[in-house]
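For reference, the structure is listed below as structure tokens.
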Amino acid sequence: VWFPADFITEAFPGQFKNWFYAMLVMATVLQKTNPFKTVLGYESVVGEDGRPMHKSWGNAIEFNQGAQKIGVDVMRWMYVKVLPTAVMPFGYKAGAEIKRQFFLMLWNSYRFFTTNARADNWQKKTTQNILDKWILSRLHNTILAVTTSLDKYYSAPASEALEKFVSDFSTWYIRRSRNRPKSLPVMQHCLVTLSQLLAPFVPYLSDYIFRQLTKETSVHLSNWPKSNPALINQSLEKNMAKTRELVEKIHSQRQALNLKVRQPLASVTVKAGQLNFQLADLILAETNIKKIKFDENITKEIILDTRLTKALKAEGLARDLIREIQEARKQAGTRLDEWINLELPASPVGGPDWPKEFTAEIMKKTFVKKLIKGPQLKVIRL
């Protein structure tokens, strides 16, 4: 007999005065004990306009309608994110926003890994890259945060921790590891563990990702991840946050000066103490700057050297061309590792503005076997 019950849940305030109270009185009188160990009460769901749902008001959504248009995993996530004490506005706009901000980011991360894992024919090897150490620390801190929250029946803090991890994983780790095949084993480990953490909340998408990456039966038959304290590095996470903050400030100043990121700059001076050289290299790579200096005595937070030499201009043009060619490849539907011939206008190919010293790099990065002069930029599949 499951008595007293481990867990009971219902909407409040009505049930506190009715069902919950009745059970409490009967259990106390008849059994001299509590009827349940844990109780979860929650507020009401209202329309997206903040009013109670009524068909006559046009703001009511039946479950089948919502499931079909929003998706059941997205609907579950909408509920998970809201504190039980808060009234929950429910509607198609909110569902679309969550799908865009979280689910699309997660799906794109998964797609990036699977596409590149096939293209690179990678092997599972460990690396000592600082980005790998950072994301593994973030992952195991996230495992700890989600587990602690769920043990207390707090779904909202758990969802917040997962959203933050997916954002860090997608917008920083993958972004800075795109051209680093050795990151693929770490990416797979993160995605598999993430699917396990998401399984109670989004059972269908998490199960699909888990089965595709592991070939095992189901994520719902796997063990819950355990946090490894040895992989958690709070100091590294703090310094990485500082690194990303500096990157944002440099990007902001570039934008204010109308200097696009594809245009390399000679140097930047930052008002800060010395950073680990690997973190400094991340700043340089992300901001497309050749050299960084740290000086706590300067008056401004960021000082950019905006002087453009002939060599810097040529490199900037090369980066513009690479981006333009990659976009043309995308429009043509080529695979990442598919070699092509490229038709380009007579200018800039061979023209005075063509960065001849970067021809080999442009062709290598865009998988071009041969450049052909023609009337317009055009991808020719082999």
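Heads up: the sequence shown begins at 1333 in the numbering used here, then just goes up one per residue.
Virtual Cβ for every residue (Gly too), placed ideally from N, Cα, C.
Check the C-beta distance from residue 1533 over to residue 1409 and give it rounded, since I have them as a contact under 8 Å. About 6 Å separates the beta carbons of residue 1533 and residue 1409, which is inside the 8 Å limit, making them a contact pair.
Go through its chain and collect everything with a Cβ distance to residue 1646's Cβ below 7 Å, but skip five positions before and after it. 1687, 1689, 1690.
Do you know how far the Cα of residue 1675 is from the Cα of residue 1512? The C-alpha of residue 1675 is placed about 29 Å away from the C-alpha of residue 1512.
Jot down the residue ranges of each uninterrupted beta strand (DSSP E) in the stretch 1473-1497, minimum 3 residues, whole runs only, in chain order. Correct list: empty.
Rounded to a whole number of angstroms, what is the C-alpha to C-alpha distance between residue 1490 and residue 1642? One alpha carbon belongs to residue 1490, the other to residue 1642, and they sit about 52 Å apart.
Which runs of the beta strand (DSSP E), 3 residues or longer, sit entirely within the stretch 1339-1365? 1340-1343, all fully within the stretch 1339-1365.
Cβ separation of residue 1368 and residue 1337, assumed to be a contact under 8 Å, to the nearest whole Å: At roughly 4 Å, the Cβ-Cβ gap stays under 8 Å, so residue 1368 and residue 1337 are in contact.
Less than 8 Å separating the beta-carbons of residue 1468 and residue 1494? No, they are not a contact pair.
Label residue 1424 either buried or exposed according to how many other C-beta atoms from any shown protein chain fall within 10 Å of its C-beta, with 16 as the threshold for buried. Residue 1424 should be labelled exposed.
From the DSSP output, in three-state form, read off residue 1533 for me. Three-state result, residue 1533: coil.
Using the three-state DSSP reduction, which class does residue 1448 fall into: helix, strand or coil? It is helical.
Relative to the C-alpha of residue 1663, which residue among 1592, 1396, 1419, 1712 is closest? Distances from the CA of residue 1663 to each of 1592, 1396, 1419, 1712 were compared; the closest alpha carbon is that of 1712.
What's the C-alpha gap between residue 1403 and residue 1435? In this structure, the alpha-carbon of residue 1403 lies about 11 Å from that of residue 1435.
Hey, quick one: how far does the beta strand (DSSP E) through residue 1379 stretch, first residue to last? Residue 1379 -> beta strand (DSSP E) spans 1377-1379.
Do the stretch 1473-1480 and the stretch 1616-1633 meet, that is, are 3 or more Cβ pairs less than 8 Å apart? By the criterion of at least three beta-carbon pairs nearer than 8 Å, the stretch 1473-1480 is not in contact with the stretch 1616-1633.
Exposed unless 16 or more other CB atoms sit within 10 angstroms - verdict on residue 1669: Residue 1669 sits exposed, since fewer than 16 C-beta atoms from the chains shown fall within 10 Å of its C-beta.
Contact under 8 Å by Cβ, residue 1504 with residue 1576: Yes, the pair counts as a contact, with Cβ atoms nearer than the cut-off.
Take every Cβ of the stretch 1601-1610, pair it with every Cβ of the stretch 1540-1555, and state whether three or more of those distances are shorter than 8 Å. No, the stretch 1601-1610 does not touch the stretch 1540-1555.
Per DSSP, residue 1637 is paired with what? Beta-bridge annotation (DSSP): residue 1637 is paired with 1599.
Using DSSP bridges, identify the partner residues of residue 1372. According to DSSP, residue 1372 shares a beta bridge with 1341.
Between the Cα of residue 1694 and the Cα atoms of 1709, 1708, 1652, 1710, which residue gives the shortest distance? Closest by C-alpha distance to residue 1694, out of 1709, 1708, 1652, 1710, is 1652.
Straight-line Cα distance separating residue 1421 from residue 1387: Straight-line Cα distance between these residues: approximately 16 Å.
Could you give the DSSP three-state label for residue 1677: helix, strand or coil? Residue state, collapsed to three classes: strand.
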